[in-house]
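A.B. asks: Please find one structure pasted underneath; my questions will follow.
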Amino acid sequence: MTVRVLLFASYADALGTSELALELPAGACVRDVLSSVKAMASGKRIPDKPMVAVNQRYARDDHPVSGTDEVAIIPPVAGG
Amino acid sequence: MRTAIVDRAIDGCALLEEVAGHRNGATVLFLGTVREVNDDARVSGLDYSAYSAMAERELAAIVGEAVERWNTPDVVVEHRIGTLELGEVSVAIAVAHPHRGEAYEASRYIIEELKKRLPIWKREHYVDGRSEWVESASGEHSPFPSPSPDVLSPSPDVLSPSPDVLSPSPDVLSSSPVILSEAKDLR
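Each protein sequence line maps, in turn, to chains A and B. Using this note's numbering, the letters of the first sequence map in sequence onto residues 1 to 80. Using this note's numbering, the letters of the second sequence map in sequence onto residues 1 to 187.
So this is what it looks like as structure tokens:
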């Protein structure tokens with residue numbers, strides 16, 4: 001399945017794009033998304049355990065993802 | 001309650017009017033503004049960017065938690081995105097409540113949770129021409145709602161003190177957040 005992954009701010013700068021399309025096996029979870037991104041050439045700059053949202057809600061490592069989900073890797077926030 | 005991510009100037013007075021009502025004896029307005037110096041670097045301005053759809057959802061969730069926990073519907077919060085100059089308002093939180101204790105607590109809860117959870121990022125531009133993404137100064141980055149309501153949810157005893165005990169000094173009253181009106185509590 002293809003999973004859409006959004007990147008923002010410093011992470012988008014690091015990977016040179018604000019959106020990725022990842023090929024992942026069925027049954028994959030957030031942890032697999034992160035492994036896949038960190039395996040990319042410029043993915044080393046993403047920390048081991050960044051914040052992740054699935055469908056605009058914060059999600060833990062073991063949260064499942066599917067081809068219809070919107071996954072986002074969230075850099076340290078700085079609002080306020 | 002109302003929440004919004006906006007790309008225009010924020011009018012704190014308009015928020016105050018929005019939360020005003022005769023059943024409330026205390027109104028607290030918090031304004032976050034762009035500061036001139038951050039970590040010894042002279043700031044010339046900054047850009048806020050957001051994961052907009054999620055930021056709107058998360059801001060509504062945070063304010064909804066405060067509305068429920070402190071039992072007042074009279075809360076309005078706006079966070080600005082885009083390019084801001086020094087001194088401009090980036091976030092405004094207006095809370096009105098029958099009593100001041102709850103108004104302060106709810107306001108504080110909203111700003112602290114927002115700083116941990118709202119997917120908004122800040123790129124600072126410096127006088128020397130550099131610019132960089134700013135990471136939150138607070139050590140904690142847990143995106144999940146604050147698990148210990150006891151910390152901010154005060155006991156009834158604390159919130160109904162005698163006027164003598166908590167009658168604030170002028171120093172307290174002139175510091176942020178600005179107290180704009182507190183009708184019944186101090187009489």
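Where is the CB? At the ideal position from N, CA and C, for every residue including glycine. Small disclaimer: the values here were computed from a predicted structure and weren't measured.
1) Which runs of the alpha helix (DSSP H) at least 4 residues long sit entirely within the region 69 to 149 of chain B? Give them in chain order.
2) Quick one: which unbroken alpha helix (DSSP H) runs of 4-plus residues sit fully inside the region 27 to 68 of chain A? Chain order, please.
3) Look at the alpha carbon of residue 1 of chain A and the alpha carbon of residue 1 of chain B, and state the distance between them as a whole number of angstroms.
4) Counting along the chain, where does the alpha helix (DSSP H) carrying residue 18 of chain B start and finish?
5) Can you give the Cα-Cα distance for residue 8 of chain B and residue 111 of chain B, rounded to whole angstroms?
6) Is there contact between the region 113 to 128 of chain B and the region 47 to 67 of chain B, where contact requires at least three CB pairs shorter than 8 Å?
7) Would you mind telling me which residues of chain B sit closer than 7 Å to residue 10 of chain A, beta carbon to beta carbon, in chain order?
8) Hey, is residue 75 of chain A's beta-carbon within less than 8 Å of any beta-carbon in chain B?
9) Going by DSSP, which residues form a beta bridge with residue 49 of chain B?
10) Please name the residue in B/35, B/70, B/130 whose C-alpha comes closest to that of residue 84 of chain B.
11) Compare the Cα-Cα distances from residue 68 of chain A to each of A/15, A/47, A/55 and report the closest residue.
C.D. replies: Looking at the coordinates:
1) 100 to 117
2) 30 to 38
3) On the first sequence, position 1 is the one that residue 1 of chain A refers to. On the second sequence, position 1 is the one that residue 1 of chain B refers to. If I take the Cα positions, the gap works out to 41 Å.
4) Reading the second sequence from its first residue, position 18 is the one you call residue 18 of chain B. Start and end: 12 to 19.
5) Against the second sequence, residue 8 of chain B aligns to sequence position 8. Against the second sequence, residue 111 of chain B aligns to sequence position 111. Spanning the two alpha carbons is a distance of roughly 20 Å.
6) yes
7) Locating residue 10 of chain A in the first sequence gives position 10, where the first residue counts as 1. Per Cβ cutoff of 7 Å: 133.
8) Here residue 75 of chain A is taken as the residue at index 75 of the first sequence, counted from 1. Residue 75 of chain A counts as touching chain B.
9) The residue given as residue 49 of chain B occupies position 49 in the second sequence. Answer is B/121, bridged to residue 49 of chain B.
10) Position 84 of the second sequence, counted from the first residue, corresponds to residue 84 of chain B. Minimum Cα distance to residue 84 of chain B is reached at B/35.
11) The residue labelled residue 68 of chain A in the question sits at position 68 within the first sequence. The shortest C-alpha separation from residue 68 of chain A is found at A/55.
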